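Read the structure below first, then the notes.
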Amino acid sequence: MNIQAELRRRFAPVLATYINEPAKYLEMIRPVQDAKFGDYQANFVMPLNGQLKRKPHELANEIIGKLDLADMCETPTVAGPGFINLKLREDWLEAETNRIAADPREGVEPVEKSKTYVVDFSGPNVAKPMHVGHLRSTVIGDSICKILKFVGHTVLSDNHIGDWGTQFGMIIYGYKHFLNQAAFQEDAVQELARLYRLVHRLSDYYDQRALQPKLDKALAAKLEEIDAAASLPGDDKQKQKRQKKLVEELETIREQIGSSRKKLISVETDPALNHYAMQHPEISVKARLETAKLHGGDPENQRLWNEFVPACLNAIQGVYDRLHITFDYALGESFYQPMLADVVADLQAKGLAKESEGAMCVFIPGTEAPFIVRKSDGAFTYATTDLATIKYRREQLHADGMLYVVDTRQGDHFKLLFETAKLWGYTDIEFKHVNFGTVCGPDGKPYKTREGDIVGLESLLNEAVAEALKVIESEELSKSEDRARLDPATQQKIAEVVGIGGIKYADLKHSRESDYEYSLQKMLAKNGDTATYMQYAYARVCGILRKGDIERETLRAQTGSIRLGHPKERTLAVQLNQFTEVLYAAATDCRPSYLTDYLFKTANAFSSFYDECAVLKAETPELRTSRLQLADLTARVLGRGLELLGIQTIEQM
Ligand code: ARG
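Per the working numbering, the very first residue in the sequence shown carries number 83; after that it's consecutive.
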């Protein structure tokens, strides 16, 4: 049962006697932070009192008097300036715990209103380096799909692969001019990635060269501005402030010049690169031309595209297989290309898209930047494709909601996209940019895998598994000699589960928006908020059942056996009963981090219970069965929770 929702349901009619819209006050009924206040607390009395002008204590007591809660809670008490403390009744909690133990879904009933969600995640760009950002999108998106599905929604996962972008022009240009045939035969994807990086670097060289005079000019202008500012009117403080701002701006330009020069020098001092650069002065324009030719249907470029894409998708698939991640759809940008002209025509017909400086743009009231749906050279954009995608997902997939698990840095794009879609007529779709922050290296800068591409991503996974193996081996060594050792093959299997689980958990546990530092040591720690800790907790409970030679089916068949006499049993039971509300909240807010927090607390509650309550050696057979069932339910909740995070478990570690 969703206890929090049930409590809110019980409070609703009472609050309705005071105010018209109780919803925002009902939100303030939450689980307590500190168990000394009971299990839940209602914190709305003070704000409500602000409206009603009553004595808070008196109001709180009056509300308590009107509540119909006796079957569920002990008599509520009022604390501090008017907090209402709620403690679940022992018999109620016991009955609920027995009920959820007997439920194959651990008490999680499906939501009342099931919707159809398309979840757009992963979206790597073919033949362009796939980075840890795509990995994070993949891991968070997969978990959101699993959570939404489990609480009863229809979920369609769609991998919006970047298989049509400007990178193809670079790769095709590279293929035509710099191909190493032998390397291509050996490993096409690796060679294509090399070509992409090479052409990108050479184009960038010319872009930077073109930028230099502009930067020099900007620098000169800024220096003049600083000179002039000295004689502007104002008191000393104003002058100082102005000066400081100008100097900062000057510094920024200097830094830009510096980093731009560095790029130039790095090419010019590399004989091979410099040679290429001198031979291909128009590389940037010509690479763009190759893209235009591809999009225009040029047979040679289309042939190359058809050769490259499957090879790259195959390599990406290797990463998904390793992560056990599948998609319902992987339509990709290319799929929508035939629809783009119609999209723009329709936007134009509806008076939404207008021509501006040769480009076709949608202007959103209140927003400065336009949403460009066709560039001045006639090319459609990322934006056009995303609009076509919305139309398709609505008309063909019947989506009620569209969730985009994409880097925060694309926030502006999605804001404009959703606004445009609404103006276009898609007013009843629930759009959400499920944004996430950057994965950083120890230097605080965006983390780069060694090779910076798919191959690098694979080596990242290998590294995690190798590190996990060390953790497992050391754990093994610390165990007493008489305990049967795990054979190497089993250890390797465990290492795979722990290593991959560790990476996933780290992506999930940080609140989505925050950046976090990628650290293998931290993510594989045996103690602390890690997958490893949770996996050990799960295996530990399984170990108890194994040691007691307990048949799970037989144990579970003895329904209604759980008793909650010990305070630690009670704490664990409350925790287990909160599974539903946590999953519902994680689903609504698209935040798997709620679930990781919850699992960490659950594992800790189990630890405290197990420290104080004998299980296999409980005083009576009844108590033994009760505690074994509680342990078994804990394992099920941990296992289910990890499953919804996309993390595997093992019975013995
Ligand atoms: N390919 C894009 C990138 O790497 C992500 C795609 C996100 N999905 C979308 N519908 N725009 O940045």
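In this text, a Cβ means the ideal position worked out from N, Cα and C, and glycines have one as well. Every value quoted in this text rests on a predicted model; they were computed, and no experiment measured them.
| Query | Result |
| --- | --- |
| Assess contact between the segment 300 to 308 and the segment 330 to 343, defined as three or more Cβ pairs (one per stretch) separated by less than 8 Å. Is contact present? | yes |
| Does the beta-carbon of Leu207, which I'm using as the reference point, lie nearer than 7 Å to any heavy atom of the ligand ARG? | The residue asked about is misnamed: residue 207 is Asn in this sequence, not Leu. Checking every heavy atom of the ligand ARG against the Cβ of Asn207, one is found closer than 7 Å. |
| So what's Tyr486 in DSSP terms, helix, strand or just coil? | strand |
| Would the segment 227 to 234 count as touching the segment 497 to 513 if we require 3 or more Cβ pairs under 8 Å? | no |
| If we call anything under 8 Å between Cβ atoms a contact, is Val521 one with Tyr620? | no |
| Look up Pro528 in the DSSP assignment and say whether it is helix, strand or coil. | strand |
| Applying the 10 Å Cβ sphere with the 16-neighbour rule, what's the burial state of Val401? | buried |
| Any idea if Val426 is buried or exposed, counting beta-carbon neighbours within 10 angstroms, 16 or more meaning buried? | buried |
| Considering only C-alpha positions, which residue in the set Asn167, Phe250, Asp714 and Leu405 is nearest to Phe390? | Phe250 |
| Give a yes or no on whether the C-beta atoms belonging to Tyr257 and Leu469 are separated by under 8 Å. | no |
| Thinking C-beta only, is Thr716 closer than 8 Å to Val190? | no |
| Tell me, please, which residues DSSP counts as bridged to Tyr598. | Val521 |
| Confirm the yes/no value for this check: CB of Gly244, any heavy atom of the ligand ARG, distance under 7 Å. | yes |
| Between the alpha carbons of Leu542 and Ala503, how many angstroms are there, rounded? | 38 Å |
| Kindly list the residues whose CB is nearer than 6 Å to the CB of Asp679, restricted to its own chain and excluding five residues on each side of it in sequence; keep chain order. | none |
| Is the beta carbon of Ala435 closer than 8 Å to that of Ser458? | no |
| Under 7 Å Cβ to Cβ from Arg673, same chain only, skipping five residues before and after it: list those, please. | Arg594 |
| Might you give, ordered along the chain, the residues of its own chain that have their beta carbon closer than 7 Å to the beta carbon of Ile85, omitting 5 neighbours on each side? | Asn659, Gln660 and Glu663 |
| Cβ atoms of Lys530 and Gly523: under 8 Å apart, would you say? | yes |
| Spell out the partners DSSP gives Glu88 in its beta bridges. | Paired residue(s): none; Glu88 is not in a bridge. |
| Alpha carbons only, please: which of Leu479, Phe417, Glu501 and Trp246 is nearest the one belonging to Ala451? | Glu501 |
| Taking only heavy atoms of the ligand ARG into account, decide whether any of them is closer than 7 Å to the Cβ of Tyr486. | yes |
| By the three-class DSSP mapping on this structure, what secondary structure does Gln399 have? | helix |
| In angstroms with no decimal places, state the Cα-to-Cα distance between Gln320 and Leu332. | 18 Å |
| Who pairs with Asn262 in a beta bridge, going by DSSP? | DSSP lists no partner for Asn262. |
| Rounded to a whole number of angstroms, what is the C-alpha to C-alpha distance between Thr99 and Lys137? | 17 Å |
| Can you list, in chain order, the residues of its chain whose CB lies under 6 Å from that of Ile146, leaving out five sequence neighbours each side? | Pro158 |
| Which residue comes first and which comes last in the beta strand (DSSP E) that contains Tyr199? | Thr198 to Asp202 |
| Flag this pair as touching only if the segment 280 to 295 and the segment 234 to 241 have three or more C-beta atom pairs under 8 Å; answer yes or no. | no |
| Which residues share a DSSP beta bridge with Asp569? | Partner(s): none; Asp569 has no beta bridge. |
| Can you name the start and end residues of the alpha helix (DSSP H) that Ala685 belongs to? | Pro674 to Glu694 |
| If you measure between the beta carbons of Val697 and Leu710, is that distance less than 8 Å? | yes |
| Within a Cβ cutoff of 8 Å, which residues of the same chain sit near Ala585, ignoring the five residues on either side of it in sequence? | According to the sequence as given, residue 585 is Ile; it is not Ala. Answer for Ile585: Leu217, Val221, Leu542, Leu543, Ala546 and Met605, listed in chain order. |
| I need the straight-line Cα distance from Lys608 to Leu371, nearest angstrom please. | 54 Å |
| Since Glu635 is in the alpha helix (DSSP H), which residue starts that stretch and which ends it? | Arg634 to Ala639 |
| Under a Cβ-count criterion, where at least 16 other Cβ atoms within 10 Å of its own Cβ denotes burial, should Gly460 be classed as buried or exposed? | exposed |
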